[in-house]
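Visitor: Residue numbers (our numbering): -9 to 271. One structure coming up, written as structure tokens, with questions to follow.
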């Protein structure tokens, strides 16, 4: 007959049983302490599909009965991407500006190196389960008398991850006078009627219809929309040179040398393209 100690060891050395035990741990423990116990534990945690899904590294299969769950660890660290302020709660819109970055753990010099490392685990985490597969992007510039818009919907076959979520915000907020918004429910975006009232004085009918069609496609196809805008500033508030100079201090603190590929690099390229087309750089 096995002793209690031997019985416990036998359970812990059985991958299927150990996996079931580890699935009851919180995410932070799974990512850190549990992987330091032994090579066996680390290998199991990093290769087990159920544990990788629990850590939001692998997507779960979509099902009508499966509720959407935000990544709790990312919500805690990057709250302003996930939780609307009271002012914007009604519209399910998260509004970020440059000062918000100063509240992130990344802003602390003692923690920045670990957070900004290209292989940091938070970068590869899915923002929710089941994952976001279609991300909308709407760039708006009021720099000239004729507002410019750039609308695109990107596919993320393996799910939207936090590296894209973070990098688009950082990339856009480097521009002076910019704002970044996460629209968790695209249905709250303006209707065609409202768009026509707002832009009829600036756009020809053909351009107006094209814009309205693009916006309708965005609302129907995208699961989340990143709404990025830059507004014209009063002459007395403009700095020297370009109205929208890149803030090198902000970029130097919160940007990093990206190692992203595939969907991530494609999305960043779209943002760069939109900044150029909108005449912001």
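Even glycine gets a Cβ: it sits at the ideal position worked out from N, Cα and C. The structure displayed is predicted, hence computed values, not measured ones.
Quick one: residues in its chain with C-beta nearer than 7 Å to the C-beta of residue 245, no 5 flanking neighbours on either side, listed in chain order?
Guide: Taking the first residue of the chain shown as position 1, residue 245 is located at position 255. Correct list, in chain order: 160.
Visitor: Cβ atoms of residue 162 and residue 218: under 9 Å apart, would you say?
Guide: As a position in the chain shown, residue 218 is number 228, starting the count at 1. As a position in the chain shown, residue 162 is number 172, starting the count at 1. Yes, these two residues count as a Cβ contact at 9 Å.
Visitor: Strictly by DSSP, which residues pair up with residue 170?
Guide: Looking up residue 170 in the chain shown gives position 180. In the DSSP output, where bridge partners are listed per residue, residue 170 has 86, 218.
Visitor: Specify the secondary structure class of residue 131 as computed by DSSP and reduced to three states.
Guide: As a first step, residue 131 is located in the chain shown; it is residue number 141 there, counting from the start. Of the three classes helix, strand and coil, the one that applies to residue 131 here is strand, per DSSP.
Visitor: Just checking, does the region 142 to 149 make contact with the region 253 to 269 on the three C-beta pairs under 8 Å criterion?
Guide: Touching, yes, given that three or more Cβ pairs across the two stretches are closer than 8 Å.
Visitor: From residue 71 to residue 90, what distance separates their C-alpha atoms?
Guide: Position 81 of the chain shown, counting from 1, holds the residue named residue 71. Position 100 of the chain shown, counting from 1, holds the residue named residue 90. Each residue's Cα considered, the two are about 10 Å apart.
Visitor: Could you spell out where the alpha helix (DSSP H) holding residue 154 opens and where it closes?
Guide: Translated into the one-based positions of the chain shown, residue 154 becomes position 164. Per DSSP, residue 154 belongs to the alpha helix (DSSP H) from 152 to 163.
Visitor: Restricting to Cα atoms, I'd like to know which of 36, 154, 175, 165 is closest to residue 259.
Guide: As a first step, residue 259 must be located in the chain shown, where it is residue number 269. The shortest C-alpha separation from residue 259 is found at 154.
Visitor: How many angstroms separate the CA atom of residue 170 from the CA atom of residue 142?
Guide: Taking the first residue of the chain shown as 1, we reach residue 170 at position 180. Taking the first residue of the chain shown as 1, we reach residue 142 at position 152. Using only the alpha carbons, I get a separation of about 16 Å.
Visitor: Our contact map puts residue 41 next to residue 12 with C-beta atoms below 8 Å; I'd like the distance itself, whole angstroms only.
Guide: Start at 1 with the first residue of the chain shown, and residue 41 comes out as number 51. Start at 1 with the first residue of the chain shown, and residue 12 comes out as number 22. Confirmed, about 6 Å.
Visitor: On the DSSP letters alone, give me the boundaries of the alpha helix (DSSP H) that residue 30 sits inside.
Guide: Along the chain shown, one-based indexing puts residue 30 at 40. Residues 29 to 37.
Visitor: So residue 158 packs on residue 261, CB below 8 Å; how close in whole Å?
Guide: Within the chain shown, residue 158 is the residue found at index 168, counting from 1. Within the chain shown, residue 261 is the residue found at index 271, counting from 1. About 6 Å separates the two Cβ atoms, so the contact holds.
Visitor: Name the one or two DSSP bridge partners that residue 274 has.
Guide: It is not possible to answer for residue 274, since the shown part of the chain is limited to -9 through 271.
Visitor: Give me the DSSP bridge partner(s) of residue 25.
Guide: Taking the first residue of the chain shown as 1, we reach residue 25 at position 35. According to DSSP, residue 25 bridges with nothing at all.
Visitor: Return the CA-CA distance between residue 48 and residue 28, expressed in angstroms with no decimal places.
Guide: Position 58 of the chain shown holds residue 48. Position 38 of the chain shown holds residue 28. Approximately 23 Å between the Cα atoms of the pair.
Visitor: Which of the three DSSP states, helix, strand or coil, is assigned to residue 109?
Guide: Counting from one through the chain shown, the residue named residue 109 turns up at place 119. Residue 109 falls in the coil class under three-state DSSP.
Visitor: Under the DSSP definition of a beta bridge, which residues are partnered with residue 138?
Guide: Sequence index remark: in the chain shown, residue 138 carries index 148 (1-based). Per DSSP, 131.
Visitor: Hey, residue 112 and residue 64: beta-carbon distance below 9 Å or not?
Guide: By 1-based counting over the chain shown, the position of residue 112 is 122. By 1-based counting over the chain shown, the position of residue 64 is 74. A contact, by the Cβ cut-off of 9 Å.
Visitor: For residue 209, count the other beta carbons within 10 Å of its own beta carbon; 16 or more makes it buried, fewer makes it exposed. Which is it?
Guide: Residue mapping note: residue 209 aligns to position 219 of the chain shown, counting from 1. Its Cβ being crowded by 16 or more others within 10 Å, residue 209 is buried.
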